[in-house]
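Enquirer: Be aware that the sequence shown starts at 1, since it is given in UniProt numbering, and climbs by one per residue. I'd like to ask you about the structure that follows.
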Amino acid sequence: MTTSIRIGNGRNELLQKVEALSGQHLANCYQCGTCAAGCPFHQAMDLLPDALIQHVRLGLPGILERQTFWICAGCDTCSDRCPRGLDIARIMEALRQICLREGGDHPALTQLERADLGALPPIALVASMRRNSG
1 MTTSIRIGNG RNELLQKVEA LSGQHLANCY QCGTCAAGCP FHQAMDLLPD
51 ALIQHVRLGL PGILERQTFW ICAGCDTCSD RCPRGLDIAR IMEALRQICL
101 REGGDHPALT QLERADLGAL PPIALVASMR RNSG
């Protein structure tokens, strides 16, 4: 049995983008918390992975302003432990990609002040270097 909850106009574009980029069906998550229990960085996250997935599924506002997917190290512990076989690390990577893509033009790292570089999430720097290198 599947229950659908729709907020707003019923079109959840973020959910569609995340599922397309990650190749994961987020409705498979039943929020058991196994991902969060195994995550070495869960204490630094502002929203645990299972809750973030639920927020995406429900189309709640402010998802791309969260820090959870930036803090994720992509170590795959959550993915390995998920009883439903979700690759949660791929979902987090999809959210990072969407966030970076929707940010518009990104300044070159050489144009940023040293203090600003220290405030950026490391994964954003890595993604920027990947995008800006041949």
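Note that CB positions come from ideal geometry on N, CA and C, so glycine has one too.
(1) Pairs of beta-carbons, one from the segment 21–34 and one from the segment 62–75, closer than 8 Å: are there three or more?
(2) Kindly provide the ranges of any alpha helix (DSSP H) runs that are 4 or more residues long and lie completely inside the segment 26–107, ordered along the chain.
(3) Please state whether DSSP places G23 in a helix, a strand or coil.
(4) Quick one: what's got a C-beta closer than 6 Å to C75's C-beta in the same chain, skipping five residues either side?
(5) DSSP on V14, reduced to helix/strand/coil?
(6) Mind checking which residues open and close the alpha helix (DSSP H) that includes L117?
(7) Express the C-alpha separation of L86 and H25 in angstroms, rounding to a whole number.
(8) Less than 8 Å between C-beta atoms, sequence neighbours within five positions excluded: which residues of the same chain meet that for F41?
(9) What would DSSP say about G134, mapped onto helix, strand or coil?
Expert: Working from what's here:
(1) no
(2) 34–38, 49–58, 68–71, 77–81, 88–102
(3) coil
(4) none
(5) Correcting the residue type first, residue 14 is Leu in the shown sequence and not Val. In this structure, L14 counts as helix in the three-state DSSP scheme.
(6) 114–119
(7) 8 Å
(8) I71, C72, A73
(9) With a pLDDT of 46 at G134, under the threshold of 50, the predicted position of this residue should be treated as unreliable, though the coordinate-derived value follows. It is coil, neither helix nor strand.
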